Amino acid sequence: ANAISINPPDGVAQFYWDFDRINTLFEGVFLDYISLIFNLIDMEDPLPILEKTYDFALKKGFQTPELRGKVILFHTYATKLNSSTVGLVNNSSDTPNRVFNVFQLNNSLKIAAWAAKHLPAFKVLGVQIASDSDQYHDVAHSVARALYIGDAILTQAEKNSESIEHLESISDQIFFEFSCSKNYFMEIAKLRAFKLLWANLLLAYKLTPSVSSISARIFCENTNENTQKLKLRPKL
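Dropping the structure here:
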């Protein structure tokens, strides 16, 4: 391994995409042991970044299906949903009362189609749900918001194409991350409940999901200092 890959926050947090430093990140590291995470808090267009990643893989002689990674496009908080709130927040300082932009959803779906062809081991429709408190009601709200965002993505995909194969491809690109409260066992229960609910939602789209294959995990954040949210995560 190398210094950057051992301690990525110190090595890559302050730059976006530089060939030499990305090359150093992969130096002496098997592809099986590394995965890139692009956390696009401000809704930057990820396509140029993914295209550079694809070009980098070709120059390195990597088999692109072996290059793994994720893109977090949707970041929001576990705020109670009502008829006027729909879950898409552009950055960590915004209020959660944002309306989904159809153009942004369609652009995300185009990116997913590009990734499926060029970087098939990437998941690019990441949904990240953060929490400002350890209140138990946040558990229900975070699950509801994640389901709402995921459903919005699939609804738009279904409008664009009624093909089951198309919906399956899009659903495979969706993954979820939930912030961890102090009650770890509650978070485990939340993940289990969410996976069952998401599986039932996929059934409504005539998809046949496997609960074990649903990508949902816990991520760590500083829930007491809003200004520090997500800043410690590598941003390539």
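Quick note on numbering: the sequence shown equals residues 2 to 237 in my numbering.
Even for Gly, the Cβ is constructed at its ideal location relative to N, Cα and C.
All of these numbers come straight from a predicted model, not from anything done at the bench.
How many angstroms separate the CA atom of Lys53 from the CA atom of Lys60?
-> Cα to Cα, the separation comes out at about 10 Å.
Taking only runs that begin and end inside the region 55 to 80, name each unbroken beta strand (DSSP E) of 3 or more residues, in chain order.
-> Within the region 55 to 80, the complete beta strand (DSSP E) segments at least 3 residues long are 69 to 78, listed from N- to C-terminus.
Kindly indicate which three-state DSSP category Ala251 falls into: helix, strand or coil?
-> An answer regarding residue 251 cannot be provided, because it is not within the stretch 2 to 237 covered by the chain.
Exposed or buried, Leu126, counting other C-beta atoms within 10 Å across all chains shown (16 or more means buried)?
-> With at least 16 other beta carbons inside 10 angstroms of its own, Leu126 counts as buried.
Apply the 10 Å Cβ neighbour rule to Asp56 and answer buried if 16 or more other Cβ atoms are within range, or exposed otherwise.
-> It is exposed - the Cβ of Asp56 has fewer than 16 other Cβ atoms within 10 Å.
Are the beta-carbon atoms of Leu32 and Phe75 separated by less than 8 Å?
-> No. Outside cutoff.
Can you tell which of Ile50, Asn184, Ile219, Leu203 has the C-alpha that lies nearest to the C-alpha of Ile165?
-> Ranking Ile50, Asn184, Ile219, Leu203 by Cα distance to Ile165 puts Leu203 first.
Ser162 lies in the beta strand (DSSP E); which residues open and close that run?
-> For Ser162, no beta strand (DSSP E) run applies, since DSSP gives it neither H nor E.
Taking Val103 as part of the alpha helix (DSSP H), name the residues at either end of that continuous run.
-> Secondary structure note for Val103: its alpha helix (DSSP H) is the uninterrupted segment 103 to 119.
Can you say whether Leu197 is buried or exposed, counting buried as having 16 or more other CB atoms within 10 angstroms of its CB?
-> Exposed, by the Cβ-count rule.
Close-in-space but distant-in-sequence residues of the same chain around Glu169 (CB under 7 Å, 5 per side omitted) | Correct list, in chain order: Leu208.
What is the DSSP secondary structure of Arg218, reduced to helix, strand or coil?
-> Assignment of Arg218 by DSSP, reduced to helix, strand and coil, places it in the strand class.
Would you report the Cα separation of Leu155 and Ile171, rounded to the nearest angstrom?
-> Between Leu155 and Ile171, the alpha-carbon positions lie close to 7 Å from each other.
Rounded to a whole number of angstroms, what is the C-alpha to C-alpha distance between Phe220 and Ala200?
-> Going from the Cα of Phe220 to the Cα of Ala200 covers about 21 Å.
Candidates Leu26, Glu178, Phe20, of which the one nearest Ile238 by Cα | Residue 238 is absent from the model: the chain starts at 2 and stops at 237.
May I ask which residues mark the beginning and end of the alpha helix (DSSP H) holding Ile23?
-> Element bounds for Ile23: 20 to 27.
Quick one, are the C-beta atoms of Ile130 and Ala147 less than 8 Å apart?
-> Taking the C-beta atoms as reference points, Ala147 is found nearer than 8 Å to Ile130.
Roughly how many angstroms lie between the CA atoms of Lys232 and Asp139, to the nearest whole one?
-> For Lys232, the predicted model reports a pLDDT of 37, less than 50, meaning its position is unreliable; a value from the coordinates is still stated below. When the Cα atoms are used, Lys232 and Asp139 turn out to be separated by approximately 22 Å.
May I ask you to list the residues that DSSP assigns as paired with Lys128?
-> The amino acid occupying residue 128 in the given sequence is Val; Lys does not appear at that position. In DSSP, Val128 forms a bridge with Phe75, Phe177.
Considering only the beta carbon of each residue, do Leu68 and Leu26 sit closer than 8 Å?
-> No.
Name the two residues that bound the continuous alpha helix (DSSP H) containing Ile189.
-> Residues 185 to 205.
Helix or strand or just coil, what does DSSP make of Ile35?
-> Residue state, collapsed to three classes: coil.
Alpha-carbon spacing of Ser180 relative to Val72, whole angstroms = Rounded to whole angstroms, Ser180 to Val72 spans 17 Å at the Cα level.
Beta carbon of His167, beta carbon of Ala158: below 8 Å?
-> Yes, the Cβ-Cβ distance between His167 and Ala158 is below 8 Å.
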